[in-house]
Structure formats: structure tokens, C-alpha cells
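Residue numbers (the working numbering): 987 to 1316.
By construction, the Cβ of each residue, glycine as well, lies at the ideal position given by its N, Cα and C atoms.
All values reported here derive from a predicted model rather than from experimental measurement.
Below is one structure; the comments refer to it alone.
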């Protein structure tokens, strides 16, 4: 065969190979794009209202012989950790599993649909019992055994320090997606918000979505007229924001400013410590004068703010304010 024949044949073979190679790449890219589109969760499309309807009491409570008046909490006087207080029992009425004070003083806690309890350490009382390095962890109390164990060490830019010893400050649960949300200010400095809001998939125990560079305290999930949203109170100002969640509970898009306490006509320096939804049309916020100081923030009295949801406008309006002295009288 002549060299000219070989060159002539190659003029057709090489373009053909290139065309085939390009076609394969296009098919692969199309397949990848198709897979990404198919696995992207759709937006939430359900009824308006709260998302904690499935929460139930732990199974172990029924075995403790407590009365209907018994309360579980993390702020029982002179008790470190979480405990059950029953006013109808002798000897102070305090019941506590041996593991419930292992993490020091605790703050927020939430139940899930099985009665498991999730909580986090907060150094409001003592840095000796709550060393900064351990303040960005979420714990789980088993509904059957009552044993408290570490669930997850929440990712942070850096560990809490003596200057800012706080880590996880807020927790919220969503029955629809079996998601636990945590808000943390770990690693934040006076000049920079390094906090994170995380979504923990309780089916796997993994963090699957995060909002970064946001210092928030109180958080809560609500199914609004425009979709499922997580509401959060900023740690440095009395302002509430929200962000859209998809059908599995992950964050979508950019945060939306909802309102400030000043917008509601209130003259206060409060930050929102807790956000709950007592009914399908109510939001209750608890505000304190938080300033990253354990002593001052821990002793701060809280004010209760009650709001009503307006579905047609997708916004909240203030109903009333309960001051600390009024709460004590009530």
C-alpha cells in the first residue's frame, strides 16, 4: 500500500474517531446532568403549620414511677445536666440517670418521634464543668435505656475558647423529615461571625446541610404558605431570619429577613434564645440579653414574645409581650 493511500485513509479515520469520542462525552455529560436533576429533592408542598406533632415522651419515663406532674428539664435548680423533677415525690423529687450530668450543664433539648432526647452542653454556669473544647457537641438520650451518649461533634471553623466559650445554643426537630437542626456560635470572634446552622439527618447521624458564617441562637421549623422554612434569631441583634428548606430538610437559596423586635415596635436589646410553635398559627419567642458572656447571659431574665401567622401574606404579627415579672406572677 502506498503512503499516499494510508494518509488518505487516515483523513477519514481520525475525524470519525474524534466524532465518536465527542459523542461518548456528550452522552456521559447528559447522564450526569440527568442524574443530578433526578436526585434533587423537590420543594416542600404540604399543609401550613408546626412540624413537631409527632414528638412523644421517652419510653423510660413510664418505668420511673413518676406522677403526671413530673417535668424534664435542664434548668432545675442545683442540678447539673438534665433531670426529671416530680413535686409529688419525696427527697426533692429529682430523678437523674447516672449519665445525664456527664457533659456538664446542658441547654436546649428536643424529642423525636420515638421519644429519644437530643441536647447540648451550654456553659452558662461554669467553665470548669463545661470546658470550651466540649461545647460544640450534640448528645442523644436513648428512649429505652435512658443512657446519654455523644451523637455528633458539630463541625466548626474553630473550637470555642475562653473568650467565646459557646458552641451549640439552639436545637429544633422536624417530624416531616426526621431532621435535627443545631445552631452554633463556636469559633466566632468580636469581628467575625463564624457560626453555623446544621441539619443532622437522624437516620444516618450525619450533617447533610449547613449555613455558614451565621451566629444564631433560637431556631425553629415551620411549614409556611410558601414552603417549609427554618426560622432563626441572630445572636448579635434582635432580628429573625428564615431560610427555605427542601422536602428532605436541606437549606435552599439565601436567608430572608423576617422582622426585628424594633420592627414590632419594641425598644429592647433582647436576642431570640428560643423559637417554638405552640399551634399551626402561633410562634412563641423567648428573648434574653445575650452578649457571649457566660455569667451575664446565663443570669439574664427572658421575655416572651407571642406572634400570629398570616398565611395570605406569609408574615408574622405581634400579639403580645410577657415581661419576666409578669411570667413569674402567671
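Item                                                                                                                                           : Value
Cβ atoms of residue 1122 and residue 1154: under 8 Å apart, would you say?                                                                     : yes
Tell me, please, which residues DSSP counts as bridged to residue 1104.                                                                        : 1096 and 1126
Quick one: which unbroken beta strand (DSSP E) runs of 3-plus residues sit fully inside the segment 1172-1228? Chain order, please.            : 1182-1187, 1192-1198, 1202-1210 and 1213-1220
Could you spell out where the beta strand (DSSP E) holding residue 1160 opens and where it closes?                                             : 1154-1160
Restricting to Cα atoms, I'd like to know which of 1222, 1182 and 1127 is closest to residue 1194.                                             : 1182
I'd like to confirm the pairing. Which residues does DSSP put opposite residue 1029 in its beta bridges?                                       : 1232
Measuring straight from C-alpha to C-alpha, what distance separates residue 1205 and residue 1050?                                             : 31 Å
Using the C-alpha atoms, what's the distance from residue 1234 back to residue 1013?                                                           : Annotation note: pLDDT 38 at residue 1013 (below 50); position unreliable, coordinate value reported separately. Rounded to whole angstroms, residue 1013 to residue 1234 spans 29 Å at the Cα level.
Hey, could you find the ends of the beta strand (DSSP E) residue 1142 is sitting in?                                                           : Looking at the DSSP string, residue 1142 is not in any beta strand (DSSP E), and its letter there is neither H nor E.
Expressed to the nearest angstrom, what Euclidean distance is found between the alpha-carbon atoms of residue 1236 and residue 1189?           : 14 Å
Looking at residue 1226 and residue 1258, is the spacing between their C-beta atoms short of 8 Å?                                              : yes
Excluding the 5 residues flanking residue 1040 on each side, which residues of the same chain have their C-beta closer than 7 Å to its C-beta? : 1099 and 1161
From what residue to what residue does the beta strand (DSSP E) around residue 1289 run?                                                       : 1289-1296
Since residue 1267 is in the beta strand (DSSP E), which residue starts that stretch and which ends it?                                        : Unbroken run through residue 1267: none, as it is neither H nor E.
Please classify residue 1056: does DSSP put it in a helix, a strand, or coil?                                                                  : coil
Going by other Cβ atoms of all chains shown within 10 Å of its Cβ, with 16 needed for buried, is residue 1136 buried or exposed?               : exposed
Would you list the residues sitting across from residue 1069 in a DSSP beta bridge?                                                            : 1059
Can you check whether the CB of residue 1173 is closer than 8 Å to the CB of residue 1142?                                                     : yes
If we ignore side chains and look at the alpha-carbon of each, how far apart do residue 1242 and residue 1217 end up?                          : 9 Å
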